[in-house]
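*Asks:*
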């Protein structure tokens with residue numbers, strides 16, 4: 001699983017688009033693409049946003065939408081809010097075991113160039129994290145003026 005861009009600075013009120021590509025199709029014979037999106041904030045467990053490529057989990061704002069099929073997927077935020085900052089992950093759940101979202105190292109959140117990586121328990125291609133920062137409300141910036 002690979003994601004682009006790796007760093008995405010955005011301003012509240014603007015749209016944002018994140019892309020994810022799987023090395024092989026996650027389309028099942030039932031017609032569903034088993035691709036999930038997560039948002040992780042510093043010190044918190046990942047929050048599930050989207051499942052089966054386009055379905056929002058309960059409680060997820062409708063400004064989040066997912067699309068795509070097969071190998072190429074997109075997560076869109078129609079109007080970014082300050083609370084949307086964090087590290088976004090895509091995860092395939094077609095193959096067993098599924099990709100596990102697990103940061104390799106703590107991310108220094110105010111430095112968007114320093115990104116964590118995750119890996120698959122199945123030993124397949126590592127997936128990369130995508131960092132979204134919101135200008136005007138840098139996170140993890142305590143003591144940095």
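In full-length UniProt numbering, the protein residues as written are 1 to 145.
Where is the CB? At the ideal position from N, CA and C, for every residue including glycine.
(1) Please state whether the Cβ-Cβ distance between residue 67 and residue 58 is less than 8 Å.
(2) By DSSP, does residue 125 sit in helix, in strand, or in coil?
(3) Leaving out five residues on either side along the sequence, give the residues of the same chain with a beta carbon under 7 Å from the beta carbon of residue 81.
(4) Using only CA atoms, which one of 64, 52, 83 and 77 lies nearest to residue 94?
(5) If distances are taken between C-alpha atoms only, which option among 9, 37 and 28 comes closest to residue 20?
(6) Note down the Cα distance separating residue 22 from residue 63, rounded to an integer number of angstroms.
(7) Rounded C-beta distance between residue 69 and residue 33? I'm assuming under 8 Å.
(8) Where does residue 156 sit, in a helix, a strand or coil, going by DSSP?
(9) Which residue wins for smallest C-alpha separation from residue 65, given the options 41, 30 and 56?
(10) In three-state DSSP terms, what is residue 16?
*Replies:* So, to answer that:
(1) Against the chain shown, residue 67 aligns to sequence position 67. Against the chain shown, residue 58 aligns to sequence position 58. For residue 67 and residue 58, no; Cβs fall outside 8 Å.
(2) Translated into the one-based positions of the chain shown, residue 125 becomes position 125. Residue placement at residue 125 is flagged as unreliable, the pLDDT there being 31, under the threshold of 50; the coordinate-derived value follows with that caveat. The answer is coil: DSSP assigns residue 125 none of H, G, I, E or B.
(3) Residue mapping note: residue 81 aligns to position 81 of the chain shown, counting from 1. Counting only Cβ-Cβ distances below 7 Å, and skipping sequence neighbours, we find 12.
(4) For this step, residue 94 is matched to residue 94 along the chain shown. Looking at the Cα atoms, 52 is the closest of the given residues.
(5) Looking up residue 20 in the chain shown gives position 20. Nearest C-alpha to residue 20: 37.
(6) Counting from 1 along the chain shown, the entry for residue 22 is found at position 22. Counting from 1 along the chain shown, the entry for residue 63 is found at position 63. Rounded to whole angstroms, residue 22 to residue 63 spans 24 Å at the Cα level.
(7) Your numbering for residue 69 matches position 69 in the chain shown. Your numbering for residue 33 matches position 33 in the chain shown. Sure, about 5 Å apart at Cβ, within 8 Å.
(8) Residue 156 lies beyond the residue range present for the chain, which begins at 1 and ends at 145; the question has no answer from this structure.
(9) Counting from 1 along the chain shown, the entry for residue 65 is found at position 65. When only C-alpha atoms are compared, the closest one is 56.
(10) Locating residue 16 in the chain shown gives position 16, counting from the first residue. If DSSP states are grouped into helix, strand and coil, residue 16 belongs with the strands.
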